[in-house]
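Report on the structure given below.
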Amino acid sequence: MTDVISAFIDNEPFDPVALRDALATPEGREELLDLIALRDVVQPTAMVASVAPSTARPTTRWALAAAAAAMLAVGGYTLGRSLANEQVVATAQITAPAPTSIATFDNWNDTLPAGGN
Amino acid sequence: MARMADSQALFAAHQDGLFGYLSRAVGERETARDLTQDVFVRILSSATLPPTAEQQRAWVFRIARNLVIDHHRRQKHRQTEPLTADPVSDGRTTSADTAAIVHQALSRLDDDARDVFLMREVSGLSYVEIAEACQLTPDAVRSRIHRTRLQLRAQLTAPIASARAGRLCLHPSPSQSGHRS
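Going down the list, the protein sequences come from chains A and B. For the first sequence, my numbering gives the first residue as 886, with consecutive numbering after it. For the second sequence, my numbering gives the first residue as 53, with consecutive numbering after it.
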């Protein structure tokens, strides 16, 4: 086939006799339809964003960093709370030690404010 | 101020076609968005615009094409993993499968063939505009487009058959291939 079919579907100047001859054969007509379908196939409307492995964009990196910071903050808070609870429980379980010696005060005297007895 | 308004109008007129071309040329939407913005920056930073609308369009796509070439050059330097194997059809082709197959077929083309083809099919440039953008003759563009079509026709038999099973449109406008997420 010549490029007359391409010129025709591209709205470019073409030789009508050459086009008639090209379309006179079943192969020529198949080619015409295939090339029109090919145009439809390559339109980006059919394209999916995940065609190529996407590289991490700066916005994605920022979102990931923010999510990681939030997780760390929440995790730290939760850990701190649980440790504080453990300390309260531990404090409640402490009992006073038994006394080893007792001090007594004998011959107790009050002192008057004026300095006398 | 008038220069800025002209640049914005020029970009607005071609951004959908540009994004479509860039999406297919680099295979990633986010990169295509970045490159579309880069084209705009380059238009803004240019001292003068080409005089005619046809030349302006070709100029905008030449800028885009240069950015694509730079992008592929950088990718080649970074690429360390081997290319994935061809997708195997199991008879249940999804749109993601089709997109992957089309992307692979396009990435097998040489730069000139891919750019010429995409500027015509996706962005709707005329042969003269493509010739200007890619620094070729219109006749070379004409034969290259046809050759590339035949090559892709042989590689994309399943998606083409699937498209032929539905209704076709001879001249989809570039605006149909705009920013859809």
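Don't be surprised by glycine CBs; every beta carbon is placed ideally from N, CA and C.
Reference residue i, options the options, closest by Cα
| i | options | result |
| --- | --- | --- |
| Arg172 (chain B) | B:Pro102, B:Thr150, B:Phe113 | B:Phe113 |
| Ala185 (chain B) | B:Ile153, B:Ile115, B:Ala165, B:His129 | B:Ile115 |
| Leu222 (chain B) | A:Ile890, A:Ala892, A:Ser986, A:Ile921 | A:Ile921 |
| Thr150 (chain B) | B:Pro211, B:Ala64, B:Arg196, B:Thr189 | B:Pro211 |
| Phe92 (chain B) | B:Asp191, B:Ala65, B:Glu82 | B:Ala65 |
| Ala110 (chain B) | B:Ser178, B:Arg196, B:Arg126 | B:Ser178 |
| Glu181 (chain B) | B:Arg81, B:Ala217, B:Leu170, B:Glu106 | B:Glu106 |
| Ala213 (chain B) | A:Leu917, A:Ser986, A:Ala983 | A:Leu917 |
| Thr189 (chain B) | B:Ala215, B:Thr209, B:Val168 | B:Val168 |
| Gln187 (chain B) | B:Leu74, B:Ala84, B:Arg117 | B:Arg117 |
| Val927 (chain A) | B:Leu74, B:Arg85, B:Ser97 | B:Leu74 |
| Leu220 (chain B) | A:Ala983, A:Asp925, A:Ala988 | A:Asp925 |
| Gly218 (chain B) | A:Ala981, A:Thr985, A:Asp919 | A:Asp919 |
| Thr200 (chain B) | B:Arg216, B:Ala215, B:Leu170, B:Ile121 | B:Leu170 |
Assumed close pair residue i, residue j - CB separation to whole angstroms, cut-off 8 Å
| i | j | result |
| --- | --- | --- |
| Gly79 (chain B) | Ser159 (chain B) | 7 Å |
| Leu119 (chain B) | Asp90 (chain B) | 6 Å |
| Leu70 (chain B) | Ile95 (chain B) | Wrong, their Cβ atoms sit about 10 Å apart, outside the cutoff. |
| Ile890 (chain A) | Ala907 (chain A) | 6 Å |
| Asp888 (chain A) | Arg166 (chain B) | No, Asp888 (chain A) and Arg166 (chain B) are not in contact; Cβ-Cβ is about 18 Å, not under 8 Å. |
| Ala157 (chain B) | Gln207 (chain B) | 5 Å |
| Leu204 (chain B) | Leu923 (chain A) | 6 Å |
| Arg76 (chain B) | Pro911 (chain A) | Arg76 (chain B) to Pro911 (chain A), Cβ: 31 Å. No contact. |
| Ala88 (chain B) | Gln67 (chain B) | Before going on, a small fix: residue 88 (chain B) reads as Thr here, not Ala. Rounded, the Cβ-Cβ distance is 6 Å, consistent with contact. |
| Ala892 (chain A) | Pro901 (chain A) | At roughly 11 Å, the Cβ-Cβ gap does not stay under 8 Å, so Ala892 (chain A) and Pro901 (chain A) are not in contact. |
Assigned secondary structure, residue i (DSSP; H/G/I helix, E/B strand, else coil)
| i | result |
| --- | --- |
| Asp142 (chain B) | Here Asp142 (chain B) scores only 45 on pLDDT, less than 50, and its place in the model should not be relied on; the value that follows carries that caveat. Asp142 (chain B) falls in the coil class under three-state DSSP. |
| Leu247 (chain B) | Any property of residue 247 (chain B) remains undetermined from this structure, which presents chain B solely from 53 to 233. |
| Pro938 (chain A) | With a pLDDT of 35 at Pro938 (chain A), under the threshold of 50, the predicted position of this residue should be treated as unreliable, though the coordinate-derived value follows. Of the three classes helix, strand and coil, the one that applies to Pro938 (chain A) here is coil, per DSSP. |
| Ser178 (chain B) | coil |
| Ala909 (chain A) | coil |
| Phe899 (chain A) | coil |
| Pro211 (chain B) | helix |
| Ala183 (chain B) | helix |
| Gln928 (chain A) | coil |
| Asp163 (chain B) | helix |
| Arg219 (chain B) | coil |
| Ala148 (chain B) | helix |
| Glu80 (chain B) | coil |
| Thr88 (chain B) | helix |
| Ser986 (chain A) | coil |
| Ala981 (chain A) | coil |
| Leu101 (chain B) | coil |
| Asp68 (chain B) | helix |
| Trp200 (chain B) | Checking the sequence, you will find Thr at residue 200 (chain B) rather than Trp. Three-state result, Thr200 (chain B): helix. |
| Asp58 (chain B) | helix |
| Leu188 (chain B) | coil |
| Asp888 (chain A) | coil |
| Phe893 (chain A) | helix |
| Val933 (chain A) | Note that Val933 (chain A) has pLDDT 41, beneath the 50 cutoff, so the model's placement of it is unreliable and the number below is only indicative. Coil at Val933 (chain A), not helix or strand. |
Heavy atom of the ligand PLP within 7 Å of residue i beta-carbon
| i | result |
| --- | --- |
| Glu915 (chain A) | The model depicted lacks the ligand PLP and carries no ligand whatsoever. |
Closer than 7 Å at the beta carbon, the chain C residues around residue i
| i | result |
| --- | --- |
| Leu222 (chain B) | No chain C is part of this structure, whose protein chains are labelled A and B. |
Is it the case that the region 58-65 of chain B contacts the region 90-103 of chain B, given that we only count it when at least three CB pairs across the two stretches are under 8 Å? They touch, by the three-pair rule.
Give me the subset of the region 112-132 of chain B whose CB atoms are less than 8 Å from a CB atom of chain A, sorted by chain position. Answer set for the region 112-132 of chain B: empty.
Could you list the residues in the region 62-84 of chain B with a C-beta less than 7 Å from some C-beta on chain A, going in chain order? Of all residues in the region 62-84 of chain B, only Gly72, Ser75, Arg76, Gly79, Glu80, Arg81, Glu82 come within less than 7 Å of chain A when Cβ atoms are compared, listed by chain position.
Check each residue of the region 900-911 of chain A: if its Cβ is closer than 8 Å to any Cβ of chain B, include it; give the result in chain order. So nothing in the stretch comes that close.
Within 8 Å of chain A by C-beta, residues of the region 171-196 of chain B in sequence order: Here the close residues are Arg172, Glu173, Val174, Ser178, Tyr179, Arg194, Ser195.
Return the residues of the region 205-220 of chain B that lie within a Cβ-Cβ distance of less than 7 Å from chain A, sorted by chain order. The residues in question are Arg205, Leu208, Pro211, Ile212, Ala215, Arg216, Leu220.
Closer than 7 Å, Cβ to Cβ, to anything on chain A: give me those residues from the region 144-171 of chain B, in chain order. Listed in sequence order: Ser147, Ala148, Thr150, Ala151, Ala152, Val154, His155.
With 9 Å as the C-beta to C-beta threshold (strictly closer), list the residues of the region 917-930 of chain A near chain B in chain order. If the cut-off is 9 Å between Cβ atoms, the region 917-930 of chain A has Leu918, Asp919, Leu920, Ile921, Ala922, Leu923, Arg924, Asp925, Val926, Val927, Gln928, Pro929, Thr930 near chain B.
Members of the region 95-110 of chain B that neighbour chain A once the beta carbon cut-off is set at 8 Å: Taking 8 Å as the Cβ-Cβ cut-off against chain A, none of the residues of the region 95-110 of chain B qualify.
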